[in-house]
């Protein structure tokens, strides 16, 4: 539409704009008209097609009406048929109900006629089946049916007879089972136990069966206990098989009782599942477990009295609390060794029995939680926990006392670099931990891992550290005095003893570190093989992590021992040779350059010390010790350099001497040593310069990849050692700290 109206035209410009707007509007309308004309042809085609469809629509309407009529007729017919089918179903159900009532009446008559005959003939299985069929009948329904045919008295009388027969049969079967139990007639017992579910006496059947089995378990347990104790007494002084088992007598008795009970489960659980139903297996387990608890308590009580466990635990408890008190009664740990094995076996065999019972219940697809609750709250479980309490206390005492015994008898075999202590101690740790794990009790295993960690960090580490405390570090300042008085003090013998003592101490610590790692690896392997729940595994791994944390303090002790060995044994033998460096002038002439007296004496001293070190330390310690020793030698040389004065030739000679020393030391070890002498080597380079200004060339960023270990202050201090350099030239050097790399 035009943006201007005709009334708004006032001049030619506005008229021209109005004309242009009208032309645009006209062109737009013509375009729309062309589109409409193009669509007309298509619309004509569609209208023509629609006209052709109209006759078909009329025919379709007629067919739809016919179909609707047919559907209505079919629906009416279907309703009629459905009604008739429903009537037939009702009639069929009535027929079935009538037939069932007839069958029930026939069964009733059969039961009435058969039950007395079978009971009189002793066919109790068939009689029980008659009673079972009778119990399945609906008395009220049969009486209602009988009322329709005026036969109420007959049916009522039949039920009365069967009720009497039921009472009589129950009495007979209970009596027969009791008689079979008294006669110990296993075949008859199983026969009559199977009949109880047929006469609806499930609970009574399970109770009588369990009473019978519990009596057998009790008799077996008493006989086994008496026989084993009597046999053990007779064989106490012999080397026979029974005598060899005397130390674990009660664990063996316990195992026999568990095996006897397990055989009952094996034999009667399938019978219960078949005849009673799986729901009666858990009550069966509960009743059998009650007798198991009684017998286990009796056995363990005999063990406690025979082994004097109460007295021993009291004595051990007092000894542990007063272990640093002189004169305290201390039981011999060797007497506990076999007893600890017996206690561990009692626990492991109880756990094995638990696993067996749980496995049986899994086979029958029973609730594991119900059975687990029975076992874990049983008297057996509580008594075994008491046994584990005794075990943990005595095993802890055994470890401590055996360790102290190993310390007291520790000795060094001729030609050995270590004493017996590390291997003896770790034999004790391994033995106790293996015994704890063999108990199959997670809490016991965790307790012993924790005890091991405590013993390692306290008593064992202190014993390894004691030689270092007894041999204080030799002060370098007193070395000269020591050497001056050596003739009067047999210093060579004392020095050899010092070397041997500290060398053995270092090697003992090294072997102990290795043993701890090996012990941890063994425990990791042991834990990975255990089939336990996630909570138990988490407990074990937490305790193992605590044991792993002991490696840190032992590694620290190892490094301290190496440092102590170097400072107390090695350095005192080499420091006098190094000190000779500052006793001679290093402001020298050309003819003195070939003098290698200092280097030769130092090399002889180093060679003697290094060879001696190799003969006193384990191979795993040697390289590391030499590496650290070399660092100390370099530091000592650096101190001597700062005590001396140089000219250029003196600096060149120092550089040459250092190269010879480094080359000599490198031949003595597989470890790279050159970097240990980097500082003193850089000092030699500075001391050999022609002029002070050359330092800036070395120090600048353009000097390449050289890494400076000397600070700008250190460099100026070294330059002051050159007597031919003017101090003012040194002080005017501009050495930017940012260029130094340390």
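Residue numbers (the numbering used here): 11 to 752.
For every residue, glycine included, the Cβ atom is placed at its ideal position computed from N, Cα and C.
It is roughly 7 angstroms from the alpha-carbon of residue 257 to the alpha-carbon of residue 352. Between residue 739 and residue 576, the alpha-carbon positions lie close to 41 angstroms from each other.
Membership of residue 305 in the alpha helix (DSSP H) is indicated by the continuous run 291-316. Assignment of beta-bridge partners to residue 618 by DSSP yields no partner. Each residue's CA atom was taken as its position, placing residue 349 and residue 374 some 38 angstroms apart.
In this structure, the CA atom of residue 554 is about 36 angstroms from the CA atom of residue 578. Here residue 650 has 588, 589, 591, 592 as same chain residues with Cβ atoms under 8 angstroms from its own Cβ, once five neighbours each way along the sequence are excluded. Between the C-alpha atoms of residue 681 and residue 332 there is a straight-line separation of about 50 angstroms. When rounded, the separation of the alpha-carbon atoms in residue 623 and residue 580 is 8 angstroms. As summarised for the region 263-287, there are no continuous alpha helix (DSSP H) elements at least 4 residues long confined to that stretch. For the 8 angstroms CB-CB criterion, residue 697 and residue 669 do not form a contact. Inter-segment contact for the region 539-559 and the region 612-631 is absent: fewer than three beta-carbon pairs are separated by less than 8 angstroms. If the five residues before and after residue 265 are omitted, its C-beta is found closer than 6 angstroms to the C-beta atoms of 359, all from its own chain and listed in chain order.
Secondary-structure assignment with DSSP links residue 656 through a beta bridge to 596, 732. For residue 371, the closest of 329, 289, 428, 307 by C-alpha to C-alpha distance is 289. Taking residue 449 as the centre and dropping the five residues before and after it, the same chain places the C-beta of 354, 357, 358 closer than 6 angstroms to its C-beta, in chain order. For a cut-off of 8 angstroms, the C-beta gap from residue 627 to residue 427 is around 7 angstroms, short enough to register as a contact. If you check the CB distance, residue 705 and residue 729 come in under 8 angstroms.
Each of 509, 721, 519 was checked against the Cα of residue 625, and the nearest Cα belongs to 509.
In the structure shown, the three-state DSSP call for residue 373 is helix. Apart from the 5 residues on each side of it in sequence, residue 224 sits with its Cβ closer than 6 angstroms to the Cβ of 301 in its chain, given in chain order. Taking a contact as a CB-CB distance under 8 angstroms, the pair residue 388 and residue 303 counts as one, their CB atoms being some 5 angstroms apart. Separation of residue 320 and residue 462 (C-alpha to C-alpha, rounded to the nearest whole angstrom) is 24 angstroms. Residue 572 is positioned such that its CB atom lies closer than 8 angstroms to that of residue 516. Around the C-beta of residue 543, fewer than 16 other C-beta atoms lie within 10 Å, and the residue is accordingly described as exposed. Take residue 393, set aside five residues on each side of it, and the residues of its chain with a beta-carbon closer than 8 angstroms to its own are 303, 306, 307, 310, in chain order. Where residue 477 is concerned, the enclosing alpha helix (DSSP H) starts and stops at 471-480.
Classified as exposed, residue 177 has fewer than 16 neighbouring CB atoms from the shown chains inside 10 Å of its CB. Annotation for residue 215: 203, 206 place their beta carbon closer than 6 angstroms to its own, counting only its chain and skipping 5 residues before and after.
Inter-residue distance for residue 442 and residue 405 is about 7 angstroms (C-alpha atoms, whole angstroms).
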